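Sequential numbering from 1 applies to the sequence shown in the UniProt record's numbering. Accompanying notes for the structure given below.
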Amino acid sequence: MARPKIALIGAGQIGGTLAHLAAIKELGDVTLLDLNDGAAKGKALDIAEAGPSEGFDAEMAGTADYADIAGADVCIVTAGVARKPGMSRDDLLGINLKVMKAVGEGIAAHAPNAFVICITNPLDAMVWALREFSGLPHNKVCGMAGVLDSARFRHFLADEFKVSMRDVTAFVLGGHGDTMVPLTRYSTVAGIPLPDLVDMGWTTQDKLDAIVQRTRDGGAEIVGLLKTGSAFYAPATSAIEMAEAYLKDQKRVLPCAAHVDGAYGLDGFYVGVPTVIGAGGVERVVEIKMNKDEQAMFDKSVDAVKGLVAACKDIDGSLA
Ligand code: APR
């Protein structure tokens, strides 16, 4: 049986890391696509040359031509620009919206059966726009945010408790941004919810609140340290986890920016929720019960995403 084909739209920091991880994990053959075809070709060749030492079998290719992603099983989208000093959120939105149009049309023309994972920011609005421009089924287009946000939360919690991060589960809902909703009640160490761990004296409520805030600011913390770009190792790893769940029909329960229609009182809207990812793409949205405070935080987050979507519609009338 032929190996799956993985198209990576954007061969920047995250795109290159995605390619390397996909190769090491032998998820399939990889095609990197970028406006800068030298970067795409160079990274593909560099990773291919790591193959003999690492011992993976995967074809690596680089291109600037959408025809080369033909038949891709998975497309992971990182094309776009990151926010630079002096640039407003609307400036970024306008630029990346144009990129999503080109990418959406390219995927629709050449890889309409792919499972598409968007990473480009501002994530929740971009995944919505990418779905609109591509016209692919909603269950085949989702955004990577929740896996990364909950991985950051898990890392901070494991560090605080001095336990293996494998035994820490964490739950994050809502948009990918300042309004994300880390849910402590649904986050556990080996099944023990975080509020119980506060009662048990493992940590204090103040420390837990600080960890929640650090999770919300997780992306900005890395930008502040790197100075010249944003996070790429953990974002790439998170998207690969989602791609693997699809390719291997793992039915993983993973939070992602998914199209929510009916659940959570939403009426056809992309936002971060727990989902089941398998061969059908986003096969299910998992609806959990929230208390009043959690619901209020979630509503605020949904409103923030609605604002971004409205701004996209103002910029590109075809989306209205
Ligand atoms: N088509 C194809 N590639 C494009 C296009 C386009 N229209 N526009 C830009 N690119 C490419 C750039 O040439 C660059 O190689 O997208 C790549 C983006 O790479 P980086 O600038 O290194 O950004 P990266 O760190 O990979 O992040 C990508 O993910 O997390 C988000 O906020 C982040 O939106 C950003 C995206």
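Just so it is clear, CB atoms sit at the ideal spot from N, CA and C, and this is done for glycine as well. Note that the coordinates shown come from a computational prediction; the quantities given were computed from them, not determined experimentally.
Shown here for A234: same chain residues with a beta carbon closer than 8 Å to its own, the five before and five after excluded, namely L148, A151, R152 in chain order.
Annotation: the stretch 68-136 contains the following complete segments of the beta strand (DSSP E) (minimum length 3 residues), in chain order: 74-77, 115-118. When DSSP states are grouped into helix, strand and coil, V253 belongs to the strand group.
At the C-beta level, L27 and G15 stay beyond 7 Å of one another. For F161, same chain residues with a beta-carbon under 8 Å away, outside a window of 5 residues either side, are V168, V189, L197, W202, T203 in chain order. Taking one beta carbon from each stretch, the stretch 116-136 and the stretch 250-263 have 3 or more pairs nearer than 8 Å; the two touch. Ranked by Cα distance from A102, the first of D91, I119, K84, G80 is G80.
Put simply, the backbone Cα of A82 is about 24 Å away from that of D46. With a cutoff of 7 Å on beta-carbon distance, M144 and I117 are scored as near each other. For A2, the secondary structure class from DSSP, reduced to helix, strand or coil, is coil. DSSP places Y246 inside the alpha helix (DSSP H), whose first and last residues are 233-247.
Closest in C-alpha terms to A40, from the list I9, R252, I24, comes I9. When distances are taken from the beta-carbon of T17 to the heavy atoms of the ligand APR, even the shortest one reaches 6 Å or more. Counting along the chain, the unbroken beta strand (DSSP E) around T63 starts and ends at 60-63. At a threshold of 6 Å, N36 counts as near the ligand APR, since its beta carbon sits closer than that to one of the ligand's heavy atoms. If you look at I211, you'll find it in the alpha helix (DSSP H) that goes 205-216.
Taken through DSSP and simplified to helix, strand or coil, T31 comes out as strand. The shortest C-alpha to C-alpha distance from A114 to any of E105, T120, G71, V285 is the one to G71. Residue environment for R166: exposed (fewer than 16 other C-beta atoms within 10 angstroms of its C-beta). Distance from the C-beta of A158 to the nearest heavy atom of the ligand APR is not below 6 Å.
For E59, same chain residues with a beta-carbon under 6 Å away, outside a window of 5 residues either side, are D29 in chain order. For T275, there is no enclosing alpha helix (DSSP H); the residue is found in the beta strand (DSSP E) stretching over 267-278. The beta-carbon distance between D124 and V305, rounded to whole angstroms, is 4 Å. This is short enough to meet the 8 Å contact definition.
Under the DSSP assignment, G16 falls in the alpha helix (DSSP H) whose first and last residues are 13-24.
Assignment of H155 by DSSP, reduced to helix, strand and coil, places it in the helix class. The beta carbon of C312 lies closer than 7 Å to those of L93, L97, A125, A129, L319 in the same chain, with the five residues before and after it left out.
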